[in-house]
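14 is the number of the first residue of the sequence shown in the working numbering; add one for each residue after it. Glycine included, each C-beta is placed from N, C-alpha and C at the ideal position.
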Amino acid sequence: MKLNKIRIIKSDERGIIYDCGKSSFISRKKGSISANHTHEDPEIVYLVKGEIELTIGDEIQIVKAPVMFKTGPNIYHKLIALTDIELVIDRENE
């Protein structure tokens with residue numbers, strides 16, 4: 014049996030991002046802010062645990078897991094963790 018460690022992309026006071034190939038598994042602590050940016054590549058985001066305040070473009074919603082949403086290229090998006098959360102991000106163009 015061969016087991017490989019999962020590479021940590023980033024770890025800070027908000028939580029951890031794990032490299033899962035073309036996807037990333039992200040855990041964030043309550044009160045943390047994620048994304049808060051735009052980028053060229055679209056993403057599919059799976060909120061698998063918790064509750065967030067989600068901003069996409071100029072729309073803001075409170076969203077509870079489990080739910081999936083997409084962010085288009087060059088569209089502003091931001092997540093505020095209202096509880097501890099877990100996300101999977103699928104980078105479509107990788």
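- request: Decide yes or no for the touch test of the segment 78-98 against the segment 56-66: beta carbon pairs closer than 8 Å, at least 3 of them.
  value: They touch, by the three-pair rule.
- Query: Do you know offhand how far ILE19's Cα is from ASP97's?
  - Reply: 21 Å
Check your understanding: According to DSSP, is ASN109 helix, strand or coil?
Key -> With the chain represented from 14 up to 107, any question about residue 109 goes unanswered, as that position is not in the structure.
Separation of LYS42 from ILE73, as counted between CA atoms
20 Å
- Output the boundary residues of the beta strand (DSSP E) element that contains LYS62. It spans 56-62 - the beta strand (DSSP E) in which LYS62 sits, taken as one unbroken run.
Between which two residues does the beta strand (DSSP E) containing LYS91 stretch? 90-94
Going by alpha carbons, who is nearest to LYS35 out of ILE22, ARG27 and ILE46? ILE22
Need the endpoints of the beta strand (DSSP E) that HIS50 sits in, please. 46-50
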